[in-house]
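Remarks on the structure that follows.
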Amino acid sequence: MLNKIDVESGEPIARRVYRVLRQAIVTMQFRPGQALSEQEIADQLGVSRQPVREAFIKLSEAGLLTIRPQRGTFVVKISVKQVLDARFVREAVETAVVRKACETITPAGLAELRDNIKAQWDIADEPVPVRFLELDEAFHRTIAIGAECDYAWRIVEETKAQMDRVRYLSVPYATPIRRLIAQHQAVLDAIVARDPVKADAAMGLHLREILTSLPELEGKFPDLFNEEDGAAALPAKASSRGRARAAALR
């Protein structure tokens, strides 16, 4: 059940509806394969059907929904190929961004990153991953802003929708939060040292973490993934290793 949104906010309603629905899909409140009704969602949010329809169209462009005329609107199952494509783009962009951040980030930006890391450690043992993922998002966004690469961050946001669902699943089921925080710390240490080579390497290592967790999650939650582009899309070593680890979890 979705909470009603504040229609009196200065932000356009369609944009708020989009953000609420995207979050519901990423956090599996709306499950892959689930049918969604414009009218039911409009009633839950307390808005008309028009902003919901606009949000549906934008979510379909992001690869999270499929709109089938005369049949309905459905949450798209996770595509391994699209996740890998998004990861490739994200690494290419964010390693370049972090190298630039080593040159341009201000003391205030560094302080914000340190505060973010501290907040991550404060919740490292919490079983609910939503807050950590919010901090993770803020950490990467702060680096991009510190590098004066706002547009690059918008590109990352637009391409990582499928990746975000895997990230949400991976934190409780495949990837220890403390490992991710340590990787963030390594990125920050390299930025503080103004060492673009180390920053590039640390960011690349962090963004390749999903290659380990993805096959494991696909094996553990096969109903959430698109069967047509599953293990075949993964590197052979990652796929076999992930399936062996997933089998041990069953």
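In terms of the working numbering, the sequence shown is residues 49 to 298.
Every residue, glycine too, gets a C-beta built ideally from N, C-alpha and C.
*Counting pairs of beta carbons, one from the stretch 227-244 and one from the stretch 93-110, are three or more of them closer than 8 Å?*
Not touching, per the Cβ criterion.
*State the Cα-Cα distance for the pair L182 and G120, rounded to the nearest angstrom.*
The question names Leu, but residue 182 in the sequence shown is Glu. Each residue's Cα considered, the two are about 31 Å apart.
_Exposure label - N164; buried when at least 16 CB within 10 Å_ = Under the 10 Å beta carbon count, N164 is surrounded by 16 or more other beta carbons and is classified as buried.
*Distance between A249 and D54 (C-alpha atoms, nearest Å)*: The alpha-carbon atoms of D54 and A249 are separated by roughly 43 Å.
_Given this structure, state the Cα-to-Cα distance separating R179 from R116, to the nearest angstrom._
Taking the straight line joining both Cα atoms gives about 34 Å.
_Cα-Cα separation between G157 and T190, rounded to whole angstroms_ = G157 and T190 have their alpha carbons spaced roughly 7 Å apart.
*Among I203, I193, T114 and K52, which residue has its Cα nearest to the Cα of F136?*
Closest by alpha carbon: I203.
*If we ignore side chains and look at the alpha-carbon of each, how far apart do Q154 and R64 end up?*
Reading off the sequence shown, one finds Thr at residue 154, where the question assumed Gln. Taking the straight line from one Cα to the other gives about 31 Å.
_Taking the beta carbon of K52 as the centre, do at least 16 other beta carbons fall within 10 Å, making it buried, or is it exposed?_
Exposure of K52 is indicated by the presence of fewer than 16 other C-beta atoms within 10 angstroms of its C-beta.
*Three-state secondary structure (DSSP) at F269?*
Of the three classes helix, strand and coil, the one that applies to F269 here is coil, per DSSP.
*Just checking my contact of Q210 with V123 at CB under 8 Å: how many whole Å lie between their CB atoms?*
V123 and Q210 do not touch by the CB rule: their CB atoms are close to 12 Å apart, not below 8 Å.
*Do three or more CB pairs link the stretch 219-232 to the stretch 140-152 at distances below 8 Å?*
No, because fewer than three Cβ pairs between the stretch 219-232 and the stretch 140-152 fall closer than 8 Å, the two stretches do not touch.
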